[in-house]
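K.L.:
Throughout the sequence shown, residue numbering follows this note's numbering, covering 2 to 148 in sequence. Ideal Cβ placement from N, Cα and C applies to all residues, glycine included. All of these numbers come straight from a predicted model, not from anything done at the bench. One structure, pasted below without further comment.
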Amino acid sequence: MNDVLTHLLVLACSVVPWLELFVIPPAVAMGLNPVTVAVVAFIGNTAAAVAVISGSARLLEWWERRRGRPIGEGSRSGARVRKAFERFGVPGLALQGPFLSGMYFAVLFAVLLGAPRHKVAFWTTVSNALWAIALAATTAAGVELFT
2 MNDVLTHLLV LACSVVPWLE LFVIPPAVAM GLNPVTVAVV AFIGNTAAAV AVISGSARLL
62 EWWERRRGRP IGEGSRSGAR VRKAFERFGV PGLALQGPFL SGMYFAVLFA VLLGAPRHKV
122 AFWTTVSNAL WAIALAATTA AGVELFT
């Protein structure tokens with residue numbers, strides 16, 4: 002397959018919740034350059050997360066109009082998310098994002114629970130960069146080990 006087409010496929014998959022950065026290992030295993038794959042996946046996932054941050058104000062207003070209460074109040078799952086947010090803060094939600102809740106949900110929860118958007122954007126970018134580098138490096142090392 003053409004390298005440009007495969008990188009566009011990586012970009013498209015990096016925007017899908019729960020696939021996000023996990024598109025990196027198969028792409029690297031297929032023989033694509035780990036650096037370019039990591040950069041493309043990082044760009045796609047970070048751009049989608051920033052879009053979620055930007056649209057979160059409308060969602061919060063809609064939620065409060067519909068439910069009559071802030072998000073996280075009155076439900077068991079919302080209480081768990083709020084407790085995790087209070088314990089680990091924005092960095093904790095951002096760093097666990099790709100694995101437990103999906104980055105977009107972690108971002109959305111952080112903003113809806115009152116975190117400043119610039120702080121959420123910063124930690125999302127840091128988390129995406131760290132995970133992209135780690136996944137690309139470990140996959141490249143694993144491929145090198147087995148070939």
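#1: With a Cβ-Cβ cutoff of 7 Å, do Pro160 and Ala141 count as a contact?
#2: When DSSP labels each residue in this structure, what does Leu33 get in the three-state scheme?
#3: Of all the options Leu131, Leu61, Gly69, Glu145, which has the alpha carbon lying nearest to the alpha carbon of Leu114?
#4: What is the DSSP secondary structure of Thr148, reduced to helix, strand or coil?
#5: Is Leu114 helix, strand or coil by DSSP?
#6: If you measure between the beta carbons of Leu136 and Leu22, is that distance less than 7 Å?
#7: Around the Cβ of Arg68, are there at least 16 other Cβ atoms within 10 angstroms (buried) or fewer (exposed)?
#8: Closer than 7 Å by C-beta to Val144: which residues in its own chain qualify, once you throw out the five before and the five after it? Chain order, please.
P.N.:
Here's the rundown:
#1: Here the chain has residues from 2 to 148 only, and residue 160 is not among them.
#2: Within the sequence shown, residue 33 is the residue found at index 32, counting from 1. In this structure, Leu33 counts as coil in the three-state DSSP scheme.
#3: In the sequence shown, the residue the question calls residue 114 occupies position 113. Among Leu131, Leu61, Gly69, Glu145, the Cα nearest to that of Leu114 is on Leu61.
#4: Residue mapping note: residue 148 aligns to position 147 of the sequence shown, counting from 1. Coil, per DSSP.
#5: The residue you call residue 114 lines up with position 113 of the sequence shown. If DSSP states are grouped into helix, strand and coil, Leu114 belongs with coil.
#6: Within the sequence shown, the letter at position 135 stands for residue 136. Within the sequence shown, the letter at position 21 stands for residue 22. Taking 7 Å as the cut-off, the beta carbon of Leu136 is found closer than this to the beta carbon of Leu22.
#7: As a working mapping, residue 68 is identified with position 67 in the sequence shown. Looking at its Cβ environment, which holds fewer than 16 other Cβ atoms inside 10 Å, Arg68 is exposed.
#8: Here residue 144 corresponds to residue number 143 of the sequence shown, with the count starting at 1. Closer than 7 Å at the Cβ level, and outside the excluded window around Val144, lie Val29, Ala30.
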